[in-house]
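K.L.:
Got a structure for you, questions after.
In the working numbering, the protein residues as written are 3 to 200.
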């Protein structure tokens, strides 16, 4: 009986030690699988659009793991181009890192992707790419993409931010957006505000 008590105490101490050690080692890892974004993480579709080198709707044809666990190369066909030098029907590749490198996973076929061109390659990142299944977009988001609504907002000097300082007429707070797909624009040429949801 005394022996079982010693083993029980020892096991509890070991569990506490293992838990403390794992929190110390892994407690600094975020939900993106260890990814650490540099700078501000984007929060709104308009930010993703304006900060991207390309915004395209793609059909995923196939994928290939890159050597030495450097990520994935997706072979895609562009079905719509909203901001890009790529055109409808063109096949291209998209490069993304591993989860720890802030990579993304294109699980399925039909996606809206925004990304940047780095060293001549089309790259995607969980820090600054808007990745969405095409079917998950709202009607307003699709319409705003197709009519150039997001593109028009990139030059209006309106900022989208998590929080706007009081009295800042050049800012729209993300939490005040009335719906997905609305844009932050100049209202009557004066202050910035969210457009209607219709």
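By construction, the Cβ of each residue, glycine as well, lies at the ideal position given by its N, Cα and C atoms.
DSSP on residue 92, reduced to helix/strand/coil?
P.N.:
By one-based count along the chain shown, residue 92 stands at place 90. Coil, per DSSP.
K.L.:
Using the C-alpha atoms, what's the distance from residue 106 back to residue 72?
P.N.:
Counting from one through the chain shown, the residue named residue 72 turns up at place 70. Counting from one through the chain shown, the residue named residue 106 turns up at place 104. When rounded, the distance between both Cα atoms is 12 angstroms.
K.L.:
Determine, using beta carbons only, whether residue 136 and residue 116 come nearer to each other than 8 angstroms.
P.N.:
Taking the chain shown and counting its residues from 1, the one referred to as residue 136 is at position 134. Taking the chain shown and counting its residues from 1, the one referred to as residue 116 is at position 114. In this structure, residue 116 does not lie closer than 8 angstroms to residue 136 by Cβ.
K.L.:
Which residue comes first and which comes last in the alpha helix (DSSP H) that contains residue 117?
P.N.:
Sequence index remark: in the chain shown, residue 117 carries index 115 (1-based). Premise fails: residue 117 lies in the beta strand (DSSP E), 112 to 120, not in any alpha helix (DSSP H).
K.L.:
Please report how far the alpha carbon of residue 189 lies from the alpha carbon of residue 169, in whole angstroms.
P.N.:
Counting from 1 along the chain shown, the entry for residue 189 is found at position 187. Counting from 1 along the chain shown, the entry for residue 169 is found at position 167. The alpha-carbon atoms of residue 189 and residue 169 are separated by roughly 15 angstroms.
K.L.:
Report the residue from 146, 134, 119 whose alpha carbon sits nearest the alpha carbon of residue 198.
P.N.:
Sequence index remark: in the chain shown, residue 198 carries index 196 (1-based). Ranking 146, 134, 119 by Cα distance to residue 198 puts 146 first.
K.L.:
Assign residue 47 to buried or exposed, taking buried as 16 or more other Cβ atoms, counted over all protein chains shown, within 10 Å of its Cβ.
P.N.:
Position 45 of the chain shown, counted from the start, is the residue given in the question as residue 47. Buried is the call here.
K.L.:
Decide yes or no for the touch test of the stretch 122 to 129 against the stretch 142 to 160: beta carbon pairs closer than 8 angstroms, at least 3 of them.
P.N.:
No, they do not touch.
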